[in-house]
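Only one structure is covered here, and it is reproduced in the block below.
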Amino acid sequence: MTTKTSAEIRTAFHEFFRERGHEVVPSSPLVPANDPTLLFTNAGMVQFKDVFLGREQRPYSRAVTSQRCVRAGGKHNDLENVGYTARHHTFFEMLGNFSFGDYFKRDAIRYAWTFLTEVLELPPERLWVTVYEEDDEAAQLWLEDIGVDPGRFSRIGAEDNFWSMGDTGPCGPCSEIFYDHGPEVPGGPPGTPEEDGDRYVEIWNLVFMQYDRAADGSLAPLPSPSIDTGMGLERIAAVVQGVHNNFEIDLFRNLVSAAARLAGTDELENSSLRVIADHIRACAFLIVDGVFPSNEGRGYVLRRIIRRAVRHGYKLGIAEPFFHRLVAPLVTEMGDAYPELPAAQETVERILRQEEERFRETLEQGLKLLGEDLDRLEGGTIPGETVFKLYDTFGFPVDLTADIARERGLELDMAGFERAMTAQRERARAASTFRAEYGGAADFGGRSDFTGYTESEDVGRVIGLYREGGAVNRLEAGDQGMVILDRTPFYAEAGGQVGDTGWLVAEGFVFEVQDTVRYGAAHGHLGVVREGGIGLDEAVDARIDRERRARTELNHTATHLLHAALREVLGEHVRQKGSLVAPERLRFDFAHFEPVTREQLQRVEALVNDQIRADEPAEIFETDYDKAIALGAMALFGEKYGDRVRVVRFGDFSTELCGGTHVARAGRIGYCKLVSEGGVSAGVRRVEAVTGDAAVRWVQDVEARLGRVSELLRVSPENVAVRVEQELERSRGLERELGRLQQKLASAAGSDLAGRAEPVDGLQVLASRVDGDGKSLRETVDQLKNKLGSAAIVLASVDGGKVRLVAGVTPDATDRIKAGELVNAVATQVGGRGGGRADFAQAGGSDPERLDQALASVTDWVRAQLSG
């Protein structure tokens, strides 16, 4: 058997099937397109689902892929097992060949056997084949056509060997191929009671999609039977490279080594290193595919994975942000196969570093809290309240706490955690804004006639009153509630435009409207009775806040112009994905596949302001939906349209369907300034802008700050950039000089410190507090090792309430004293943990008040180690 690298196996797989008429199809993104049933792409067939279902046609009937997959959330979640087993990963590559109504079982089986035994040169006597227990056709092909040894063949039931896309739809039997690692590995053949051992490892699954399952469970033959196969690259690489653990293949070996260098350890089988090596792949590719850390959905899964990796780095004693530094080694390993990875390297590194820095601020505090609770723990279960506090206060995902518990042989009280979560949700609901209390109004059968397109004040009759979530006949002074009128100029929040505020007034009655929302065909005015009282069927004067409405209209019209400008500059793929139109600003989310450059933003802004100066009148009319679309009108995200629609048009530049309120002429906007642009989620960007007097104030504020900078630098504003560059270069020079001086000081400090060392059984032991950063501490330790001969040294510094520890042991003494154990013995006394190599290690801590006592314990600790 010829050993191949992971990259060579991937290439060989593609070439084998390309030569047999298969189209080499690139990996689809990790975020499935138009498939709400999946959190992430978790198998090679995901991108072909609609092809198998007959909803999509491709120009080829045979395909081969190497699909990147993630299983770290939802139904398919391997996260907790990663780092502790030989074959679980959050991210993996699935090699697959597919037939869409072309070849079927015979060719699929032959291709698989030929690739494994001839291309990869796996010995046939090491392969074990299974088929679905009722699939006589596949059994005959394996036993008679291929000639598989009947002693290495078995029939398996539907639980393992019958695949389906869902409860109904395409399905069919499977045939799995296993590799036998040999009798020295525990475990039995598939289908036996001992099959859970590691001796027989599944390497390839062939799915014969030949039936359509109806709702009653009956199976009907598909008119075009198809093939869907999957072979994990990491698993087959382990087999080809003669290792039993996926983390020992070339790809992982290099990533683990890179992580080990950052940790300063040579223990390459450390499970924390394996966790980090696995997680960098998942995190990097999720970011490449547009997923960013957040508190919900896919972004939260990414955040969980990043934080798990950071915690394992902390456990290894890595004191500085490190995770982003593994992106470059990953690019070296996988950049050729996935060119989108090196293209996004800078972005990936920046996001990972920001997320790690954010989490490190609370990591030490959270670990300290957990440590204190564990010190008081009676029994083997961490209370649910502790798990919840770590989650709620310190951002510890539950599976991260479970990870720590596993390492200590403990369990989590998940029932207690869920009770705490439920209580928090109830508190959040109770504390939410009062608009949420009026869910019952959704069944209100009345209607409000909206007159706000032309009127800012109108008279309406009260047709509904609500207080504390329920319908009432009257509201009195001080009551917080909702008033529904039969006629109102108040715009109810819709299409991104916020609801109007203002006043409802009658004789002896004043109601402050703080928001307006829709309930069916009615407009609900939410607010507080400031004076008097009001009952059903009484008339009120409804007056909107005209100034607030006017500012909102500026931003709404600017949103339309912005949408059109983005489509002109970036392309017609740009579509609105959400918006906020408020008095203070506008926010516009849109579909786009990459960050918008500064030059593109400048062009967009210029186009919008060109249209403002053109001062086109607003042409607003109603027409049939189909006619509006034929006129080129854009339908807005989140809006529902009937047969009759309202069209808002500004010249030939912008035409949209919109129920919102707008300025009479574009020129009234005055000026529009784009103030930010960034990513929201996969394929969605966000632009924020201000208009009118708010835009003027924004520019004046920036100008004032620039003026202040120019005063401080004593140059004119136009020369600020040049002077800043000069000052930065001067600062760098001073930093270099400071580094040289610190080196000299470290050398001098080393000379002074050397005299404080105590002899212990032939070893010079020194533990001292010094001033300096991590680099100067390391340099001082190295100098002391040279001066003292045989020595064990611990140096510590305190900065901003955080303890930094560095330990060193001379090479002749590492068989008796390990620097990693030494630094950990000190770190645990100051609220931290650490580790590293036998000759050098570092750690951190959060309790500087206990530092002197901890350092004083070093000599006795060393003496105990030497005597033991």
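The opening residue of the sequence shown carries number 1 in our numbering; numbering runs sequentially from there.
Glycine residues also receive a C-beta, built at the ideal position from the N, C-alpha and C atoms.
In this text, all values refer to a predicted model and were calculated from it rather than measured experimentally.
With respect to the C-alpha of His592, the residue from Arg126, Thr422, Ala843 and His563 having the closest C-alpha is His563. For Cys283, no beta strand (DSSP E) run applies; the uninterrupted alpha helix (DSSP H) run containing it begins and ends at Ser271 to Val288, by DSSP.
Here the alpha carbons of Cys283 and Ala664 stand approximately 49 Å from one another. In the DSSP annotation of this structure, the continuous segment of the alpha helix (DSSP H) that includes Phe359 starts and ends at Gln345 to Arg376. Shortest Cα-Cα distance from Tyr103 to any of Lys4, Asp160 and Gln210 involves Gln210.
Around Pro848, the same chain offers Val798 and Val803 as residues with beta carbons nearer than 6 Å, after the five sequence neighbours per side are excluded. For Lys802, the enclosing beta strand (DSSP E) stretches over residues Lys802 to Val809.
Taking one beta carbon from each stretch, the segment 572-586 and the segment 546-562 have 3 or more pairs nearer than 8 Å; the two touch. Per DSSP, the beta-bridge partners of Tyr211 are Cys171 and Pro221. Residue pairing from DSSP places Leu657 in a beta bridge opposite Val647. Take Ile287, set aside five residues on each side of it, and the residues of its chain with a beta-carbon closer than 6 Å to its own are Val348 and Ile351, in chain order. Counting the other Cβ atoms within 10 Å of the Cβ of Ala415 gives fewer than 16, which makes it exposed. Of the candidates Asp693, Val510 and Gly533, the residue whose Cα lies closest to the Cα of Arg474 is Gly533. Asn295 and Gln514 have their C-alpha atoms roughly 29 Å apart. The beta carbon of His279 lies closer than 7 Å to those of Thr90, Ile305, Arg308 and Ala309 in the same chain, with the five residues before and after it left out. For Ala494, the secondary structure class from DSSP, reduced to helix, strand or coil, is strand. Two segments are said to touch when three or more pairs of C-beta atoms, one from each, lie closer than 8 Å; by this definition the segment 834-844 touches the segment 261-269. One thing to note: Ala792 has its Cβ within 7 Å of the Cβ of Val765. Taking all protein chains in view, the Cβ of Arg756 is surrounded by fewer than 16 other Cβ atoms within 10 Å, so the residue is classified as exposed. CA-CA distance, Tyr132 to Asp626, rounds to 53 Å. DSSP, read as helix, strand or coil, puts Pro717 in helix. Inclusion of Ile544 and Pro489 in the CB contact set at 7 Å is warranted, their separation being smaller than that value.
By the CB criterion at 7 Å, Leu674 and Leu566 fall outside the cutoff.
The distance from the Cβ of Val647 to that of Thr655 is about 7 Å, consistent with a contact at the 8 Å cut-off. Boundaries of the beta strand (DSSP E) around Thr65: Arg62 to Val70. Taking all protein chains shown into account, Pro173 has 16 or more neighbouring C-beta atoms within 10 Å of its C-beta and is therefore buried.
Taken atom to atom, the span from the alpha-carbon of Thr451 to that of Asp486 is near 11 Å. No Cβ-Cβ contact shorter than 7 Å links Met231 with Leu120.
Annotated three-state conformation of Gln611 is helix, per DSSP. Secondary-structure assignment with DSSP links Ile109 through no beta bridge to anything.
Straight-line measurement puts the Cα of Val806 at about 8 Å from the Cα of Gly774.
When only Cα atoms are considered, Leu504 and Gly527 end up about 10 Å apart. No residue range can be given for Leu141, since it is assigned to no beta strand (DSSP E) and is classified by DSSP as neither H nor E. In the same chain as Asp761, and ignoring 5 residues on each side of it, the C-beta atoms closer than 6 Å to its own belong to Leu866, in chain order.
As a beta-bridge residue in DSSP terms, Ile156 pairs with Tyr132.
Closest in alpha carbon position to Val830, among Lys368, Asp771 and Thr859, is Lys368.
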